[in-house]
Amino acid sequence: MVYKYRIHVNDFNLTYTLDCGQTFRWYKDCDEWIGILPDRVMKVQQKADVLYVTTNQPWMEEKILEYFGLKDNLNEVREVSLENSGDQPQVYEFVKHAFEYSWGLRILRQDPLEMFVSYIFSVQSNIPAIRSRLEKLCELFPENVVRFEGKRFFIFPGLKQLKSLNYEDWQKLKLGFRAKWVHNFIQKIDENYLKNLKKLDLKEKLERLTRLEGVGYKVASCVALFGYGELNAFPVDRWIIRIMEGFGVHGTAKKIMQVGMEWFPPYAGYVQEYLFRIARNRGKWVMN
Numbered sequence: 284m285v286y287k288y289r290i291h292v293n294d295f296n297l298t299y300t301l302d303c304g305q306t307f308r309w310y311k312d313c314d315e316w317i318g319i320l321p322d323r324v325m326k327v328q329q330k331a332d333v334l335y336v337t338t339n340q341p342w343m344e345e346k347i348l349e350y351f352g353l354k355d356n357l358n359e360v361r362e363v364s365l366e367n368s369g370d371q372p373q374v375y376e377f378v379k380h381a382f383e384y385s386w387g388l389r390i391l392r393q394d395p396l397e398m399f400v401s402y403i404f405s406v407q408s409n410i411p412a413i414r415s416r417l418e419k420l421c422e423l424f425p426e427n428v429v430r431f432e433g434k435r436f437f438i439f440p441g442l443k444q445l446k447s448l449n450y451e452d453w454q455k456l457k458l459g460f461r462a463k464w465v466h467n468f469i470q471k472i473d474e475n476y477l478k479n480l481k482k483l484d485l486k487e488k489l490e491r492l493t494r495l496e497g498v499g500y501k502v503a504s505c506v507a508l509f510g511y512g513e514l515n516a517f518p519v520d521r522w523i524i525r526i527m528e529g530f531g532v533h534g535t536a537k538k539i540m541q542v543g544m545e546w547f548p549p550y551a552g553y554v555q556e557y558l559f560r561i562a563r564n565r566g567k568w569v570m571n
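Everything in the sequence shown is counted per my numbering, starting at 284 for the first residue and increasing by one.
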């Protein structure tokens, strides 16, 4: 059975949102996107200011809006971010251009467990490899198969299922040094750990997360931003390092992260995504 929804949207670009490195299990199919969430498979198409959503499970419109970040006031995000960078002309102009370049990009509200696993997989890796390993992980659980519009998909496994995997199972996913990290992490945590993290403020979340083996500030910031909706988290990768160095900020990933959070509160995560997308798409152009 399928369920269809028609959602009116403002200041939203589906492609920018799904193709900016914040999610790994959405796939473009002509002018539609197919997404595999922990509780459903869905197909989404945008035509002007309308989203056409088809899914295999009933879904409240409120939850659709929440998932796609459509409750965020994007105009406020932009204006506050620009205001905070106003005393630095170079930063102001570049951030302004980044918002113009990708206007409509929003922060998804995703499952924390999937974000943990995905971003540990992401360490020293690339998006195609991350996606491939995630798909192979999901295929280890045939009981999670879902048939949707004539195709077969595998829902992301729950924590109990992941705990059933041994170290050798993770190694078979060709994770290399990441296999130990993700195996130890899964065996160490429980549902209460994930729930209790939600109660902590951003600083406490980052401190708690970076105590875990294999979880540095980039992974911790990604989990906080995309898994817990901490909009002031500021993940730092090579693209963000290049941009921030162009602004005169040098140092460790932790230092650059802290500067980003100090410069663009309370929406540093949004600024990061807009900077990331323009940097990745424009390549060496970046600061010129």
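Beta carbons are placed, not taken as given, at the ideal position from N, Cα and C, and that holds for glycine. Nothing here was measured: the structure is a model prediction, and the numbers come from that model.
How close, in whole Å, do the beta carbons of G552 and I390 come, if the pair is a contact with beta carbons under 8 Å?
G552 to I390, Cβ: 6 Å. Contact.
Which term fits M284, buried or exposed, when burial requires 16 or more other beta carbons within 10 angstroms of its beta carbon?
Here M284 is exposed: its Cβ has fewer than 16 other Cβ atoms, across all protein chains shown, within 10 Å.
Please specify which runs of the alpha helix (DSSP H), each continuous and at least 4 residues long, are wholly inside the stretch 388 to 455, giving them in chain order.
Taken in chain order, the whole alpha helix (DSSP H) runs of length 4 or more contained in the stretch 388 to 455 are 395 to 404, 410 to 421, 442 to 446, 450 to 454.
Could you work out which residue in L334, S415, L448 is closest to I469 when comparing CA atoms only?
Looking from the CA of I469, the closest CA among L334, S415, L448 belongs to L448.
Using three-state DSSP, classify E490 as helix, strand or coil.
Looking at E490 - three-state DSSP - the assignment turns out to be helix.
Between L485 and E513, which are expected to be in contact by the criterion C-beta below 8 Å, what is the C-beta distance as a whole number of angstroms?
Going by Cβ atoms, the distance from L485 to E513 rounds to 5 Å, so yes, they are a contact pair.
Coil, strand or helix - W568 by DSSP
Residue placement at W568 cannot be trusted, given a pLDDT of 47 that sits under 50; what the coordinates show is reported in the next sentence. In the structure shown, W568 sits in a helix (DSSP, three-state: H, G or I).
Please confirm whether V226 and I290 have their CB atoms less than 8 Å apart.
Any answer about residue 226 is impossible in this case: the structure gives the chain only from 284 up to 571.
Residues that DSSP places opposite D312 in a beta bridge
Beta-bridge partners assigned by DSSP to D312: E315.
Sequence-distant residues of its chain with Cβ nearer than 6 Å to K287 (five each side left out)
Result list for K287: T337, in chain order.
Minimum length 4: unbroken alpha helix (DSSP H) runs contained in the stretch 540 to 569
Within the stretch 540 to 569, the alpha helix (DSSP H) runs of at least 4 residues that lie entirely inside it are, in chain order, 551 to 565.
Excluding the 5 residues preceding and the 5 following D294 in the sequence, name in chain order all residues of the same chain whose CB lies nearer than 8 Å to its CB.
Closer than 8 Å at Cβ, skipping near neighbours: L357, N358, W386, G387.
Mind checking who Y511 pairs with in its DSSP beta bridge?
Per DSSP, none; premise fails for Y511.
In this structure, does DSSP put K463 in helix, strand or coil?
The answer is helix: DSSP assigns K463 an H, G or I state.
Sorted by chain position, which residues of the same chain lie with C-beta nearer than 7 Å to K446's C-beta, five sequence neighbours on each side aside?
Excluding residues within five positions, the ones whose Cβ falls inside 7 Å are I469, Q470.
Only counting the same chain, and skipping five residues up and downstream in sequence, which positions put a Cβ closer than 7 Å to that of N427?
C421, F437, I438, P440.
Distance, Cα to Cα, P321 vs W342?
Distance between the alpha carbons of P321 and W342 is about 13 Å.
Name, in chain order, the residues that DSSP records as bridge partners for Q328.
For Q328, which the question treats as bridged, DSSP gives the partners Y335.
Counting pairs of beta carbons, one from the stretch 454 to 469 and one from the stretch 494 to 510, are three or more of them closer than 8 Å?
Three or more beta-carbon pairs separated by less than 8 Å link the stretch 454 to 469 to the stretch 494 to 510, which places the two stretches in contact.
Please determine, among K501, R361, G510, W453, the residue with the shortest C-alpha to C-alpha distance to C480.
For clarity, residue 480 is Leu in the given sequence; the question names Cys instead. That would be G510, whose Cα lies nearest to the Cα of L480.
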